[in-house]
Amino acid sequence: MSELENAVGELRRLARKEHLDREELERAKDSMRELRRMGFSSEEISELSERTWSPSTIRQYAASVKVEKGTRDLAIKMLAELVERGLTLSDVEMFLGMRKRLEELGISFEEFTNLLEELRRKNIELRDLIHVQRMLEDGLTSEEIESAVSCKSELQKLGINVDHVKRIVEVSKFYGGLNEFLEAVEKFKELKSIRSELEKLEVLKRSLNSRIRELREEISNLEERRSKIKYALNLFGELKKRGFDERALEVLRKAAEKYGGVKEVLTAVNTFGKVKEIERKIFEAEKIKSEVEAELKLLKADYVHLQTVVKLCDELLYKHGFTIQAITDVYEIAKRYGNPIEVIKTIEKYGSIRELDEEIKKLEVRRKELEARISELEEQTQVMRRRVGEVKKFVEEVFEASANAIRRKIEETIDSIASGYEEYARRLGELKREAGKFEKELEFARVFNTLLMHPEAIKEPQKHFCSVALRAIYNHCIRVGYNPTVKVYESVREKVVYDKKVTLLEVLELALKAFRL
């Protein structure tokens, strides 16, 4: 069979050439004669030559050849079997060429078939094997190929296909490289943990916002209270110059109990005003003034107990119902008649406008009534003269003795309010600084979540965020001493790959330099 194969192969090879020299033509004739000797007809030989030579030409070349039937019959049998299997002589020729090539490479056909069976069993295409061979020729080692195949198997087990890998490549480009993407994934390994962190930050943010709103409301209330007592503070500045003490409040309290309330005290004061007008017609003003000043000097030195002052202030405000306008009226009346009792006016912050208007109206009515009784008072001058001393002493004690005590009470109240306001302001500043820190963390969390979950939403490169994130990773690796050596593959064109080993910190430094461009 080797002679038949050689003859057919030689004939077909020469038949494909366009021009034959004398030597090649003789070899073709020899192949024709050999085939004719084996029993092939001129028509069959012409067919084998793909009609390069006609049957008549072949008969002329092989006219003297004696035919041997055995070889032809065997060849016909083989050809019939090839036809039954759907094969052609071209297929046979290709097979023979492959076998020859295998022999030249020192590989037996059996070894080749075993290789094909092994590839089929492992579901590996032959073209893939050829591609691997080209990779080996390009300098890739078998260990690297084995590692790539192992990685592919692991990815398939995890349900990761080529599309997923392409997606990972796109996201890695967005983050500035695969290392940055992997570091981001390692930092937040699961989406659930990311969402949990965000939820915690949101809850903390809401809590801080709520606390800030509460503090702002408290500050607003303090500002409102401050504005309300502003008039009282200004009035207090004037009263402070005149001085009040504990005894004045005690006398004022006794007067309220004695006369039955603020209205009665005001009535007594107004009555005293009218009486004093009558008295001025009888007594000399200078003598009264000197006597009052002497008594005031003695009274101012006696009352210094703060606790008693607080108690007396509470009784005047809440038990006896003194209002701002009522105390202001007392002050104005006292000031008008030579002895200003300004402390009463500082209680103005605890009254209401409606009550003040009602008190003014009642006082106006009372004033008119008193004016109607002036004529009667003129007739009762002698009687009132005896009462003038008592009333005068009472009023002076009430108005002058109260100054120091109420002044101390107001100072203590103002100091307490100021201290509370400063504490609230300090706490608010701390909370604002705290909230500012968490706002920055929330901002980083929002950007990171958007880059990870919705990268298409951000059109511009977040160079600052990426640089800060890389710097944090770089500092962490230096802190814990984590600096492994990794292989970096740099793709040059399509299939050419170079490899080198670099440290993790070197990669991070390169990435940081890129974001500084």
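With the sequence shown counted from 1, adding 4 to any position gets you this note's numbering. Note that beta-carbon positions come from the ideal geometry of N, C-alpha and C, so glycine has one too. The structure displayed is predicted, hence computed values, not measured ones.
- Taking each of Q64, D34, R31 and R125 in turn and checking the Cα distance to S46, the smallest one comes out for Q64.
- Within a 10 Å sphere around the beta-carbon of E38 sit 16 or more other beta-carbons, which makes this residue buried.
- Bridge pairing for T489: T507 [DSSP].
- Counting every other CB atom within 10 Å of its CB across the protein chains shown gives V169 a total below 16, marking it as exposed.
- Within the same chain, no Cβ atom closer than 8 Å to the Cβ of L119 is found once the five residues on either side in sequence are excluded.
- CA-to-CA, the gap between R26 and R17 works out to about 16 Å.
- In the DSSP assignment, M36 falls within the unbroken alpha helix (DSSP H) covering R26 to R41.
- For F44, the number of other beta carbons within 10 angstroms of its own is at least 16, and it is reported as buried.
- The Cβ atoms of A11 and S50 do not sit closer than 7 Å to each other.
- In this model, S112 and L8 are separated by some 22 Å (Cα to Cα).
- The Cβ neighbour count for C155, taken over all protein chains shown within 10 Å, is under 16; the residue is labelled exposed.
- Here K463 carries a coil assignment [DSSP, helix/strand/coil].
- Assigned with DSSP and collapsed to three states, H468 falls in helix.
- With contacts defined as CB atoms closer than 7 Å, L52 and L15 qualify as a contacting pair.
- Classified as exposed, M82 has fewer than 16 neighbouring CB atoms from the shown chains inside 10 Å of its CB.
- For V69, the closest alpha carbon among the candidates E54, M42 and S58 is that of M42.
- Per DSSP, reduced to three states, the secondary structure at D142 is coil, with no helix or strand assignment.
- For T61, the enclosing alpha helix (DSSP H) begins and ends at P59 to Y65.
- Around the beta carbon of R40, a 10 Å sphere encloses 16 or more other beta carbons of the protein chains shown; the residue is thus reported as buried.
- DSSP places E72 outside any alpha helix (DSSP H), giving it a letter other than H or E.
- N479 is classed as exposed because its beta carbon has fewer than 16 other beta carbons within 10 Å across all chains shown.
- Annotation for N165: no alpha helix (DSSP H) segment contains it, and DSSP assigns it neither H nor E.
- Around the beta-carbon of N183, 16 or more other beta-carbon atoms lie within 10 Å, marking it buried.
- Under the three-state reduction of DSSP, H458 is assigned to coil, being neither helix nor strand.
- For S50, the uninterrupted alpha helix (DSSP H) segment begins and ends at S46 to L52.
- Of the candidates M139, T454 and H135, the residue whose Cα lies closest to the Cα of F469 is T454.
- Between the beta-carbon of E201 and that of A449 there is about 7 Å, and that keeps the pair under the 8 Å contact cut.
- E48 places its beta carbon 7 Å or farther from that of A19.
- DSSP places I111 outside both helix and strand once states are collapsed to three, so it counts as coil.
- Judged by DSSP in its simplified three-state form, N127 adopts coil rather than helix or strand.
- A distance of 7 Å or more separates the beta carbons of F116 and P459.
- Around the CB of I62, 16 or more other CB atoms lie within 10 Å, so the residue is classed as buried.
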